[in-house]
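Position one of the sequence shown corresponds to residue 1 (full-length UniProt numbering), numbered consecutively onward.
Report on the structure given below.
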Amino acid sequence: MGNQVTRPDRKGVTMPQHALMKIARKPQRGQDTANKLPQVMPRRYCYLKFLRMSRIKDYLLLEKEFIQRQGKRGSISEQQKKERKTVNALRGSPIALARIHELFLDEKHAVVVIEGNKREWYIPILSIVDKDLIRIGALVMVKAQGSLKNVPIAVVGVLHDSVDASNSIINKLERAPKESFSDIGGLEEQIQEIKETVELPLVHPEYYEEMGITAPKGVILFGEPGTGKTLLAKAVAHSTSATFIRVTGADLIQKNSGDGSKLVRESAPCIIFIDEIDAVGTKRYDTTCGGEREVQRTMLELLNQLDGFESRGDVKIIMATNRIDVLDPALIRPGRIDRKIELPKPDEKTKLKIFQIHTAGMKIAANVKFEKYASELSLSGADCKAICTEAGMFALRARRKFVCLEDFDKAMERIIMQKKNEAPEEFFM
1 MGNQVTRPDR KGVTMPQHAL MKIARKPQRG QDTANKLPQV MPRRYCYLKF LRMSRIKDYL
61 LLEKEFIQRQ GKRGSISEQQ KKERKTVNAL RGSPIALARI HELFLDEKHA VVVIEGNKRE
121 WYIPILSIVD KDLIRIGALV MVKAQGSLKN VPIAVVGVLH DSVDASNSII NKLERAPKES
181 FSDIGGLEEQ IQEIKETVEL PLVHPEYYEE MGITAPKGVI LFGEPGTGKT LLAKAVAHST
241 SATFIRVTGA DLIQKNSGDG SKLVRESAPC IIFIDEIDAV GTKRYDTTCG GEREVQRTML
301 ELLNQLDGFE SRGDVKIIMA TNRIDVLDPA LIRPGRIDRK IELPKPDEKT KLKIFQIHTA
361 GMKIAANVKF EKYASELSLS GADCKAICTE AGMFALRARR KFVCLEDFDK AMERIIMQKK
421 NEAPEEFFM
């Protein structure tokens with residue numbers, strides 16, 4: 001029918017069969033294959049990365065520990081604030097300062113003296129006070145009452161430092177200055193005198209005991225400015241390895257009598273150098289001026305302080321002044337000041353030696369001769385040192401590593417003009 005094509009049957013021909021449906025499966029592996037780790041390359045890079053990550057982990061642990069400690073510290077500080085408020089409430093107000101003069105075995109009472117007052121008070125010690133800090137001479141806080149708030153009723157605290165923090169002597173202690181007698185040009189006679197007066201009693205006090213004489217107590221150096229008074233005092237302190245205290249007369253005056261001498265004795269052996277003693281040691285006379293009366297009171301207190309050092313032989317006093325004629329005779333009498341040493345202006349030979357000392361470490365041109373500068377009569381020892389310093393500054397300004405004759409000439413001119421209160425013309429250019 002139609003277009004249908006009929007295929008004839010072929011006998012003896014086998015028709016192809018369709019393939020069976022099959023599912024692909026991964027081959028099963030053993031336990032050894034499952035546990036086997038992949039090999040990573042390069043191995044060294046991975047090890048360095050491991051070390052770096054370990055270091056980062058350590059840093060994170062430190063940060064965590066720091067944060068935890070800061071949190072605990074904040075809570076402790078808050079607790080301390082609460083305790084301090086409680087202590088302040090127990091102490092009350094107002095608070096005054098006092099010194100302990102006597103202590104008792106029960107450690108519950110003490111005899112104190114308020115600062116600026118000589119009256120003694122027997123008062124109790126509160127339980128909030130640290131008993132380990134209480135001792136005779138300690139500076140304590142007391143609760144005061146009365147119309148003038150000057151009557152102590154109880155000790156409420158102890159200051160750790162028994163010395164007043166406003167004391168200016170503490171900042172002027174100098175252990176064994178570096179200056180020595182080799183840094184001094186000339187002054188052979190003055191050096192010999194100060195050695196006999198100050199150095200020998202500190203180093204070999206037995207010599208005076210064998211001779212049956214009392215060692216000199218102090219000296220006064222007088223002379224024009226720049227003659228080496230301070231340098232001489234430092235040199236003798238260096239030779240004795242003693243503490244050097246440079247003060248003015250008013251620095252030794254404390255609120256209570258004896259405090260200044262106590263402070264000095266604690267630093268013994270020491271040398272006290274009182275510079276410009278004429279500022280407070282002038283002659284006393286009747287006056288109505290309040291400022292002059294204050295100077296005279298300072299003078300009297302200074303005399304008391306000098307007498308307070310009498311019991312110690314390892315405390316020596318060196319005074320310095322430019323005008324010994326205006327000093328009070330009671331200040332420089334034997335027993336207080338036993339030796340008066342005059343420091344004259346240096347002569348030409350001495351000034352030449354001073355120049356050689358201060359230029360020993362400098363690079364100087366061969367044509368520099370110091371005889372020219374040493375012949376100048378108006379120069380002092382300090383001026384010679386200033387000339388060497390100024391010459392070095394001029395060489396640095398010219399970017400040279402050595403000092404030439406022109407530098408010393410300019411320095412000489414500048415120092416002389418400064419002594420005459422005149423400045424060089426190029427100074428303002």
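Note that beta-carbon positions come from the ideal geometry of N, C-alpha and C, so glycine has one too.
Between the CA atoms of L159 and K349 - distance to the nearest angstrom
Start at 1 with the first residue of the sequence shown, and residue 349 comes out as number 349. Start at 1 with the first residue of the sequence shown, and residue 159 comes out as number 159. Those two C-alpha atoms are separated by around 57 Å.
Nearest to I194 (by Cα), restricted to the options P177, K229 and M417
Here residue 194 refers to the residue found at position 194 when the sequence shown is read from its first residue. Considering only alpha carbons, the answer is K229.
For the pair the region 369–376 and the region 406–417, tell me if three or more CB-CB distances fall below 8 Å.
yes
Closest to Q190 by C-alpha separation, out of A215, V203, P205 and T227, would be which residue?
Position 190 of the sequence shown holds residue 190. Out of A215, V203, P205 and T227, T227 has the C-alpha closest to the C-alpha of Q190.
Please confirm if the region 195–202 is in contact with the region 214–223, defined as three or more CB-CB distances below 8 Å between the two stretches.
yes
Proximity of F222 and K340 at Cβ, strictly below 8 Å:
In the sequence shown, counting from the first residue as 1, residue 222 sits at position 222. In the sequence shown, counting from the first residue as 1, residue 340 sits at position 340. Yes.
Could you tell me the alpha carbon to alpha carbon distance between V326 and E107, rounded to whole angstroms?
For this step, residue 326 is matched to residue 326 along the sequence shown. For this step, residue 107 is matched to residue 107 along the sequence shown. Approximately 52 Å, taken between the alpha carbons.
Of all the options S380, E376, S378 and E413, which has the alpha carbon lying nearest to the alpha carbon of F394?
Indexing the sequence shown from 1 puts residue 394 at position 394. Checked all of S380, E376, S378 and E413; the closest Cα to F394 is E413.
Extent of the continuous alpha helix (DSSP H) run through C388
Mapped onto the sequence shown, residue 388 falls at position 388. Looking at the DSSP string, the run of the alpha helix (DSSP H) that includes C388 is G381 to R397.
Sequence-distant residues of its chain with Cβ nearer than 8 Å to V112 (five each side left out):
Position 112 of the sequence shown, counted from the first residue, corresponds to residue 112. Same-chain partners within the cutoff: A98, R99, I100, H101, E120, W121, I123, V140, V142, P152 and V155.
Are I354 and G137 touching if we call contact CB-CB under 8 Å?
Position 354 of the sequence shown, counted from the start, is the residue given in the question as residue 354. Position 137 of the sequence shown, counted from the start, is the residue given in the question as residue 137. Not closer than 8 Å, so no.
For T288 and D183, I'd like the C-alpha separation in whole angstroms.
Mapped onto the sequence shown, residue 288 falls at position 288. Mapped onto the sequence shown, residue 183 falls at position 183. Only weak support is given to the placement of T288: the predicted model assigns it a pLDDT of 49, under 50, and the value that follows is read from those uncertain coordinates. Taking the straight line joining both Cα atoms gives about 47 Å.
If you draw a straight line from the C-alpha of F402 to the C-alpha of L133, how long is it?
Working through the sequence shown from its first residue, we reach residue 402 at position 402. Working through the sequence shown from its first residue, we reach residue 133 at position 133. C-alpha separation (whole angstroms): 60 Å.
Pick helix, strand or coil for T197, following the three-state DSSP scheme.
As a first step, residue 197 is located in the sequence shown; it is residue number 197 there, counting from the start. If DSSP states are grouped into helix, strand and coil, T197 belongs with the helices.
Using CA atoms only, rank isn't needed, just tell me which of R135, K81 and E78 is closest to F104.
Here residue 104 refers to the residue found at position 104 of the sequence shown. Comparing Cα-Cα distances from F104 to each of R135, K81 and E78, the minimum goes to R135.
Per DSSP, L221 forms a beta bridge with which residues?
Counting from one through the sequence shown, the residue named residue 221 turns up at place 221. BP columns for L221 point to A320 and I341.
F408, DSSP secondary structure in three states
Stepping through the sequence shown from its first residue, residue 408 is reached at position 408. Of the three classes helix, strand and coil, the one that applies to F408 here is helix, per DSSP.
Please work out which residues of its chain come closer than 7 Å, Cβ to Cβ, to L405, disregarding the five sequence neighbours upstream and downstream, and give them in chain order.
Position 405 of the sequence shown holds residue 405. Excluding positions up to five away in sequence, the list reads A365, N367 and V368.
For L126 and K118, the rounded distance between their alpha carbons:
Walking along the sequence shown from the start, residue 118 turns up at place 118. Walking along the sequence shown from the start, residue 126 turns up at place 126. If you take the alpha carbons of K118 and L126, they lie about 23 Å apart.
Measure the C-alpha to C-alpha separation of K385 and E210 and round it to an integer number of angstroms.
What you label residue 385 is simply residue 385 of the sequence shown in a count that begins at 1. What you label residue 210 is simply residue 210 of the sequence shown in a count that begins at 1. Using only the alpha carbons, I get a separation of about 42 Å.
Closest residue to H358 among P334, R336, T389 and G335 (Cα-Cα distance)
For the purposes of this step, residue 358 is identified with residue 358 of the sequence shown, where counting begins at 1. Of the candidates P334, R336, T389 and G335, the one whose C-alpha sits nearest the C-alpha of H358 is T389.
Check H109 in the structure and name its three-state DSSP category.
The residue labelled residue 109 in the question sits at position 109 within the sequence shown. H109 falls in the strand class under three-state DSSP.
Starting from K143, follow the beta strand (DSSP E) in both directions and report where the run begins and ends.
Numbered from its first residue, the sequence shown carries residue 143 at position 143. Looking at the DSSP string, the run of the beta strand (DSSP E) that includes K143 is L139 to Q145.
Residues sharing a beta bridge with G157, DSSP:
Translated into the one-based positions of the sequence shown, residue 157 becomes position 157. Answer is M141, bridged to G157.
Do D338 and P269 have their beta-carbon atoms positioned less than 8 Å apart in this structure?
Here residue 269 corresponds to residue number 269 of the sequence shown, with the count starting at 1. Here residue 338 corresponds to residue number 338 of the sequence shown, with the count starting at 1. No, Cβ-Cβ distance for P269 and D338 is not below 8 Å.
If you follow the beta strand (DSSP E) that E102 is in, where does it begin and where does it stop?
As a working mapping, residue 102 is identified with position 102 in the sequence shown. Looking at the DSSP string, the run of the beta strand (DSSP E) that includes E102 is I95 to L103.
Going by DSSP, which residues form a beta bridge with I272?
Counting from 1 along the sequence shown, the entry for residue 272 is found at position 272. Bridge partners of I272: I245 and I317.
Go ahead and pull the three-state DSSP assignment for E179.
Numbered from 1 along the sequence shown, position 179 holds the residue referred to as residue 179. If DSSP states are grouped into helix, strand and coil, E179 belongs with coil.
Buried or exposed by the 16-neighbour rule on C-beta atoms within 10 Å, applied to H238:
Here residue 238 refers to the residue found at position 238 when the sequence shown is read from its first residue. Per the 10 Å Cβ criterion, buried.
From K419 to D383, what distance separates their C-alpha atoms?
Locating residue 419 in the sequence shown gives position 419, where the first residue counts as 1. Locating residue 383 in the sequence shown gives position 383, where the first residue counts as 1. If you take the alpha carbons of K419 and D383, they lie about 9 Å apart.
Consult DSSP for I114 and reduce its assignment to one of helix, strand or coil.
In the sequence shown, residue 114 corresponds to position 114, counting from 1. In the structure shown, I114 sits in a strand (DSSP, three-state: E or B).
Kindly indicate which three-state DSSP category K85 falls into: helix, strand or coil?
The residue you call residue 85 lines up with position 85 of the sequence shown. Correct three-state label for K85: helix.
Going by the beta-carbon positions, is the gap between A89 and I114 smaller than 8 Å?
Counting from one through the sequence shown, the residue named residue 89 turns up at place 89. Counting from one through the sequence shown, the residue named residue 114 turns up at place 114. Not in contact: A89 and I114 (Cβ atoms no closer than 8 Å).
Under the rule that 16 or more other beta-carbon atoms within 10 Å means buried, what is T86, buried or exposed?
As a position in the sequence shown, residue 86 is number 86, starting the count at 1. Burial call: exposed.
Quick check on V163: does DSSP put it in helix, strand or coil?
The sequence position of residue 163 within the sequence shown is 163, counting from 1. Confidence at V163 is low in this model, with a pLDDT of 46, below 50, so the placement of that residue is unreliable and no value is reported for it.
Note down the Cα distance separating L60 from K81, rounded to an integer number of angstroms.
As a first step, residue 60 must be located in the sequence shown, where it is residue number 60. As a first step, residue 81 must be located in the sequence shown, where it is residue number 81. Approximately 32 Å between the Cα atoms of the pair.
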